[in-house]
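Report on the following structure.
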Amino acid sequence: MSTTSLPKVRASELIGRGWLNTGGRTITLADLRGKIVILDFWTFCCINCLHVLDELRELEEEHRDVLVIVGVHSPKFEHEADPAALAAAVERYEVRHPVLDDPELVTWGAYTARAWPTLVVVDPEGYVVAQMAGEGHASAIAALVRELVAEHDAKGTLHRGDGPYVPPEPASGTLRFPAKAVPLPGGNLLVADAGHHSLAELAPDGETLVRRIGSGERGLVDGGPDEARFSEPNGLCLVPEDRREDIGYDVLVADTVNHALRGVRLATGEVYTLAGTGEQFMVGGPENVTSDDGGPAGPFDPAVAYPARSVRLSSPWDVVWSQALGSFVVAMAGHHTLWAFDPGAHRDAATVRLLAGTMNEGLEDGPGGTAWFAQPSGLAPVTGPDADGSLWLADAETSALRVVTPTGEQVEVRTVVGEGLFDFGHRDGAAGEALLQHPLGVAALPDGSAVVADTYNGALRRYDPAADEVTTLATGLAEPSDVVVQVAEGTIHLLVVESAAHRLTRVALPAGLAGEVLDAGAHRVARPATEIAAGRVRLDVPFAPAPGQKLDDRWGPSTSLHVSATPPELLLQGAGDGVDLARDLVVNPDVPDGVLHVTAKAASCDTVPVGRDGQPDPDVFPACHLAQQDWGVPVRVTDGGASQLQLPLRG
Numbered sequence: 000m001s002t003t004s005l006p007k008v009r010a011s012e013l014i015g016r017g018w019l020n021t022g023g024r025t026i027t028l029a030d031l032r033g034k035i036v037i038l039d040f041w042t043f044c045c046i047n048c049l050h051v052l053d054e055l056r057e058l059e060e061e062h063r064d065v066l067v068i069v070g071v072h073s074p075k076f077e078h079e080a081d082p083a084a085l086a087a088a089v090e091r092y093e094v095r096h097p098v099l100d101d102p103e104l105v106t107w108g109a110y111t112a113r114a115w116p117t118l119v120v121v122d123p124e125g126y127v128v129a130q131m132a133g134e135g136h137a138s139a140i141a142a143l144v145r146e147l148v149a150e151h152d153a154k155g156t157l158h159r160g161d162g163p164y165v166p167p168e169p170a171s172g173t174l175r176f177p178a179k180a181v182p183l184p185g186g187n188l189l190v191a192d193a194g195h196h197s198l199a200e201l202a203p204d205g206e207t208l209v210r211r212i213g214s215g216e217r218g219l220v221d222g223g224p225d226e227a228r229f230s231e232p233n234g235l236c237l238v239p240e241d242r243r244e245d246i247g248y249d250v251l252v253a254d255t256v257n258h259a260l261r262g263v264r265l266a267t268g269e270v271y272t273l274a275g276t277g278e279q280f281m282v283g284g285p286e287n288v289t290s291d292d293g294g295p296a297g298p299f300d301p302a303v304a305y306p307a308r309s310v311r312l313s314s315p316w317d318v319v320w321s322q323a324l325g326s327f328v329v330a331m332a333g334h335h336t337l338w339a340f341d342p343g344a345h346r347d348a349a350t351v352r353l354l355a356g357t358m359n360e361g362l363e364d365g366p367g368g369t370a371w372f373a374q375p376s377g378l379a380p381v382t383g384p385d386a387d388g389s390l391w392l393a394d395a396e397t398s399a400l401r402v403v404t405p406t407g408e409q410v411e412v413r414t415v416v417g418e419g420l421f422d423f424g425h426r427d428g429a430a431g432e433a434l435l436q437h438p439l440g441v442a443a444l445p446d447g448s449a450v451v452a453d454t455y456n457g458a459l460r461r462y463d464p465a466a467d468e469v470t471t472l473a474t475g476l477a478e479p480s481d482v483v484v485q486v487a488e489g490t491i492h493l494l495v496v497e498s499a500a501h502r503l504t505r506v507a508l509p510a511g512l513a514g515e516v517l518d519a520g521a522h523r524v525a526r527p528a529t530e531i532a533a534g535r536v537r538l539d540v541p542f543a544p545a546p547g548q549k550l551d552d553r554w555g556p557s558t559s560l561h562v563s564a565t566p567p568e569l570l571l572q573g574a575g576d577g578v579d580l581a582r583d584l585v586v587n588p589d590v591p592d593g594v595l596h597v598t599a600k601a602a603s604c605d606t607v608p609v610g611r612d613g614q615p616d617p618d619v620f621p622a623c624h625l626a627q628q629d630w631g632v633p634v635r636v637t638d639g640g641a642s643q644l645q646l647p648l649r650g
């Protein structure tokens, strides 16, 4: 990926509605001349985009005098186009660089971005030198930045000094972007205070702070309540009472950005790491399972239950106990799966296994081994007279409510509300026609119905399985992300985690649970369609290993490509799996439009082991790197359409 091998293409101007993190100043490319610039096209709903934010943090701090990252926020959901919602997201995820608000996708289109996330590297003279989609590019970008620093230092075109980032005023308050909550045995509430990287125990009023577990600094550290560190914790679940003494903790925590499960002993506030290595599971990567000596143990086997501390996880978002499975179920948002965490007889005996999902993103029902999910984010047991051990699941990116039913050690999955990755809205009525918008939480009501924290609609919605219909219980909430059902003296109250309002809010349910029937319209993800020709179309996914790396075929083919279409009839040939990153498709002339779904992966490894400073280090294992991306490309079949479609994975 030499900086001189690409044609000289001037970077396009940065145009949008406004800027964040610049102190109110508008930034132009001329202002950034002399700096290495990384444009990060993102949208705050997207877990892959959040992974990239985390991948870039260390690089950003290391090279802040020569490197400027610019987040170009190009929204997927309607709610994400709200400037107030974007400002909250920039604060929530601790984005420490300028962000361009691009709601009309103007700059997105100028750089021909086709996927979230997309990264574009611009050199100090204003030329585009690399473009890549998806996650897993941190090592490649670090190597490219080092090359560009050396090249432009020598040419005298590199300007050192402060960039345009202006930090916002720090926020204060007991809670900061709380994520989930769980009632404790004594009546208090434990809240995953994601923005403070800690857990907050509140009095029954939901406001008074009793104590805090975690220092408040981002990190992965075990220990007492003042020393322990979390990183954006989300899901919480009480351990069954009869298991707490043996396994030594009372609450299981989905510590999302640490890619870990943590245990908390309430009596002492002691925190333990139970599952995960602290590194992210990369789909298809050879290093997802760690051997006793710290090196890779071989490819991950989805049929195996592994020691819980030996396997990488990927953004666990929620956890729930399943009596039927005898284990906790984990919503693994980072790669669109459900996992089972068996706590074992004691902490060191815990295991994890893949329970459901293929790691492809989408909405497919059926047996767990073939089901598709999209950022599963909320779990709750089904209750009521017909409870059979099933679980409610809020599947965020498909704006869906789904049911997961244990069948022995496996599960079956079915969707009750939701249509897929590109359809969302606020529509009540018959479940088959109802629409949600990026729900993050779900809870069970005593009558067997479910209440959904419909996050991007700012609403609470109720699904009644007896009537198979959806109603609205409350609106006007600020990104509700979880619901706690409270029953006292025959009255049901909902304690709502209003994440963007930094508070817990009580909502009284209407008599008979009868909500309103609302229709605020349906929406589809609005991106310009790519015009392609009928007949033969060449799909090309360029990928080049980073400097100092080579393709890694130690565990099998180093690349893979999966292609499908909605509707399936769009493709007459070319759907399916293969190892080449190029393929001939045959497009049906009788299907006017649709979506091409493309998933690409490429594994590479260091030719020489290097340390964290990028220098050779014989004492470390050669690092493996996996680049991956899912594209959903809207296409329109026209007479003058293109006969070639290029989706750079890293070019």
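Position 189, counted from 1, in the sequence shown is what numbering that gives the first Met the number 0 calls 188; the numbers after and before it change by one each time, with no gaps. Ideal Cβ positions, reconstructed from N, Cα and C, are used throughout, including at glycine.
Is it the case that the Cβ atoms of ASN20 and VAL98 are separated by a distance below 9 Å?
yes
Could you give the DSSP three-state label for PRO306: helix, strand or coil?
The three-state secondary structure of PRO306, taken from DSSP, is strand.
Do ASP551 and ALA602 have their C-beta atoms within less than 9 Å of each other?
yes
If you measure between the beta carbons of GLY133 and ASP64, is that distance less than 9 Å?
no
Report all residues from its chain with a CB closer than 8 Å to the CB of ILE26; omit the five preceding and five following residues, and keep chain order.
LEU13, TRP18, VAL69, PRO97, LEU99 and PRO163
CB-CB under 8 Å to PRO445, same chain, minus the five flanking residues each way: which ones, in chain order?
So the list reads THR382, GLY383, VAL484, VAL486 and ILE491, once near-sequence residues are dropped.
Under a three-way DSSP split, which group does GLY653 fall into?
Beyond the ends of the chain as shown, which are 0 and 650, falls residue 653; an answer cannot be given.
With TYR248 and ARG264 assumed to form a contact (beta carbons below 8 Å), what rounded beta-carbon distance in angstroms separates them?
5 Å
Taking a contact to mean a Cβ-Cβ separation below 9 Å, would you say ALA564 touches VAL636 in this structure?
no
Looking at C-beta atoms only, is the number of pairs between the stretch 308-325 and the stretch 274-283 that lie closer than 8 Å three or more?
yes
Looking at the unbroken beta strand (DSSP E) that takes in CYS236, where does it start and where does it end?
232-237
Count the other C-beta atoms from every protein chain shown that fall within 10 angstroms of the C-beta of HIS62, then say buried if there are 16 or more, exposed otherwise.
HIS62 comes out buried.
CA nearest to the CA of ALA528, picked from ASP221, VAL634 and GLU488
VAL634
What residue from ASP467, ALA458, ALA253 and GLU206 has the CA that sits closest to LEU378's CA?
ALA253
Distance check for THR357 and THR3, CA to CA, integer angstroms please.
Confidence is the limiting factor: at THR3 the pLDDT is only 36, short of 50, which leaves the residue's position unreliable, though a coordinate-based value still follows. About 39 Å.
Could you check the C-alpha separation between LEU208 and LEU198 for me, to the nearest Å?
11 Å
If I follow the unbroken beta strand (DSSP E) through TRP107, where does it start and stop?
Unbroken run through TRP107 is the alpha helix (DSSP H), 105-109; no beta strand (DSSP E).
Taking the Cβ atom as the reference point for each residue, do THR414 and ASP387 lie within a distance shorter than 9 Å?
no
Is there a C-beta anywhere in chain B that falls below 9 Å from the one on TYR248?
Absent from the structure is chain B; it holds one protein chain and no more.
Does DSSP classify HIS258 as helix, strand or coil?
Note: HIS258 maps to coil in three-state DSSP.
Cβ atoms of ALA178 and LEU496: under 9 Å apart, would you say?
It should be pointed out that residue 496 corresponds to Val in this sequence rather than to Leu. Yes, Cβ-Cβ distance for VAL496 and ALA178 is below 9 Å.
What number of angstroms, rounded off, separates the C-alpha of LEU648 from the C-alpha of GLY268?
44 Å
Pop quiz: ARG653 and ASP583 are said to be a contact at Cβ under 8 Å. What is the actual Cβ separation, rounded to whole angstroms?
Limits of the chain in this structure are 0 at one end and 650 at the other, which puts residue 653 out of reach.
For a test of the three-state rule: what should DSSP assign to GLN645, helix, strand or coil?
strand
Looking only at its chain, what residues have a beta carbon closer than 7 Å to the beta carbon of GLU568, apart from the 5 residues adjacent to it on each side?
ASN587 and VAL590
Could you tell me whether the Cβ atoms of ALA442 and VAL416 are closer together than 9 Å?
no
Rounded to whole angstroms, what is the Cα-Cα separation between ARG113 and TYR455?
23 Å
Does the ligand HEM have even one heavy atom less than 8 Å from the beta-carbon of ASN47?
Ligands displayed in this structure: none; no statement on the ligand HEM is therefore possible.
Distance, THR117 Cα to TRP630 Cα
11 Å
Beta bridge counterpart(s) of LYS549 as assigned by DSSP:
Beta-bridge pairing links LYS549 to CYS604.
For the alpha helix (DSSP H) containing GLU60, name the first residue and the last one.
46-61
In chain order, what residues of the same chain have a beta carbon less than 6 Å from the beta carbon of GLN645, not counting five sequence neighbours either side?
ASP539
Taking Cβ to Cβ, would you say SER73 is nearer than 9 Å to TRP115?
yes
Which residues mark the beginning and the end of the alpha helix (DSSP H) in which HIS334 is found?
No alpha helix (DSSP H) contains HIS334, which DSSP labels as neither H nor E.
For ALA80, which residues of its own chain have a beta-carbon under 7 Å away from its beta-carbon, when the five flanking residues on both sides are left out?
Residues PRO74 and PRO102 of the same chain have their beta carbon placed closer than 7 Å to that of ALA80, with the five preceding and five following residues left out of the count.
Through-space distance from ASP592 to GLY640, alpha-carbon basis:
When rounded, the distance between both Cα atoms is 12 Å.
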